[in-house]
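Numbering (this note's numbering), first residue to last: 1 to 410.
Take a look at the structure:
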């Protein structure tokens, strides 16, 4: 039964990863980032428990039941955010929580205490995810397509005997599947909802502004805050890297999912910062060229090398994350100081994750360095060409700064 939970969690993780980039709604995108990491954490914990109970081979990366696999293969083919939420939260995650609770009620709390403790933690966090999912479904309302798709997925799950495989299997035939039997093809085009305008506007030059010592401290600090908000393009480019990486050790998916969630937290920090300034976080352009270009012009390995190269550039004392934290400190905003403190800690971890999981792809560190330099030069050339194409983008930075100052006077 634990192996079925592991499979369900891995497939929930995969479904969220496959849809994060193309999901337009900012709040759903953020939640998918958190939930895919939690699902990865829960799967990791269950895999460790299975290893304690059984001798190898553990078959934790295989399919325990083809019927169960078919249910998840249908769910991942949601055609809208409403369908995705209805299938994942209205059916699959709800049924997973029911299975976990039934398991907890049936196990011997003394003989199998390690499993009980583990499942209690997983059930609590799955319940929290379901609470969010229920609230999100309420916002989307009663979509006929979503209701029909949830029923479709529910029929396929029933044919597997539920998540645990213990429910009676109906004798009725399954409806025609959406799946063609192959791997789901992820839509890697980053999308934002209608609140966000001019998403490829390159005029802000936020990264340059916060480093420009000739600018007032207040403006540099605002640029640093806005830089956090812009980081949504990182989870948008990481999700395709993770989803397209087939056959990796599970530790790869677990570590990369942690990094993706961290990178989703950073724009949420920026959102909190702008909200505290009484400026709607979606009012001004959020340039998504990073995810747009990496997802369309580079392979997953090349995109990972570029990301790691950026992480390495954030480590030097005078120009990296320490310098950003010192800028926040000098600005005297306690919220920004805390924001940069945690952002700094995250990036140190991410540099380690990148090194750990890029290393096996190359014969030597020298080969990895040469590959990263080549792809970085190519990336810079593309960015320069992009900037030239967008030289006439409408300026907005001065309006943003004026907006913040006006809000402070109210």
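For glycine and all other residues, C-beta sits at the position ideal for the given N, C-alpha and C.
{"Check": "Can the beta-carbon of residue 116 be found less than 7 Å from the beta-carbon of residue 109?", "Outcome": "yes"}
{"Check": "Is residue 298 helix, strand or coil by DSSP?", "Outcome": "coil"}
{"Check": "If we ignore side chains and look at the alpha-carbon of each, how far apart do residue 44 and residue 125 end up?", "Outcome": "14 Å"}
{"Check": "Quick test of the definition: if touching needs 3 or more C-beta pairs under 8 Å, does the segment 13-26 touch the segment 233-249?", "Outcome": "yes"}
{"Check": "What is the rounded straight-line gap between the Cα of residue 326 and the Cα of residue 233?", "Outcome": "25 Å"}
{"Check": "Would you mind listing the alpha helix (DSSP H) stretches within the segment 319-391 that are 4+ residues and don't spill past its ends, in chain order?", "Outcome": "321-331, 334-358 and 365-389"}
{"Check": "Determine the direct distance from the alpha carbon of residue 386 to that of residue 160, and round the result to whole angstroms.", "Outcome": "50 Å"}
{"Check": "I need the DSSP call for residue 55, collapsed to helix, strand or coil.", "Outcome": "coil"}
{"Check": "Should residue 6 go down as buried or exposed, given a rule of 16 or more other Cβ atoms within 10 Å for buried?", "Outcome": "buried"}
{"Check": "Starting from residue 121, trace the alpha helix (DSSP H) in both directions and tell me its first and last residue.", "Outcome": "113-140"}
{"Check": "Quick one: grab the DSSP three-state call for residue 149.", "Outcome": "helix"}
{"Check": "Residue 264 and residue 30 - do their beta-carbons sit closer together than 7 Å?", "Outcome": "yes"}
{"Check": "Please name the residue in 267, 22 and 358 whose C-alpha comes closest to that of residue 336.", "Outcome": "267"}
{"Check": "So the candidates are 279, 392, 104 and 51; which of them puts its Cα closest to the Cα of residue 399?", "Outcome": "279"}
{"Check": "Which residues mark the beginning and the end of the alpha helix (DSSP H) in which residue 259 is found?", "Outcome": "250-276"}
{"Check": "Can you tell me which of 82, 20 and 60 puts its alpha carbon nearest to the alpha carbon of residue 9?", "Outcome": "60"}
{"Check": "In or out: residue 197 buried (at least 16 other Cβ within 10 Å) or exposed?", "Outcome": "exposed"}
{"Check": "Give me the residue from 49, 21 and 50 with the minimum Cα distance to residue 36.", "Outcome": "21"}
{"Check": "For residue 153, is the classification buried or exposed, using 16 other Cβ atoms within 10 angstroms of its Cβ as the cut-off for buried?", "Outcome": "buried"}
{"Check": "For residue 415 and residue 81, I'd like the C-alpha separation in whole angstroms.", "Outcome": "Outside the displayed range of the chain (1 to 410) lies residue 415, so it cannot be described from this structure."}
{"Check": "Kindly indicate the opening and closing residues of the alpha helix (DSSP H) around residue 238.", "Outcome": "233-244"}
{"Check": "Taking the alpha helix (DSSP H) that residue 396 falls in, what are its first and last residues?", "Outcome": "Element bounds for residue 396: n/a, residue is neither H nor E."}
{"Check": "With a cut-off of 8 Å on the beta carbons, I'd call residue 288 and residue 199 a contact; round off their distance for me.", "Outcome": "5 Å"}
{"Check": "Looking only at its chain, what residues have a beta carbon closer than 7 Å to the beta carbon of residue 33, apart from the 5 residues adjacent to it on each side?", "Outcome": "20, 235, 260, 261 and 264"}
{"Check": "To the nearest angstrom, report how far apart residue 229 and residue 209 are at their CA atoms.", "Outcome": "15 Å"}
{"Check": "Do residue 393 and residue 202 have their C-beta atoms within less than 7 Å of each other?", "Outcome": "yes"}
{"Check": "Do residue 165 and residue 11 come within 7 Å of each other at the CB atom, strictly closer than that value?", "Outcome": "no"}
{"Check": "Please name the residue in 72, 131 and 358 whose C-alpha comes closest to that of residue 156.", "Outcome": "72"}
{"Check": "With distance defined between alpha-carbon atoms, name the residue in 187, 245, 269 and 213 nearest to residue 79.", "Outcome": "187"}
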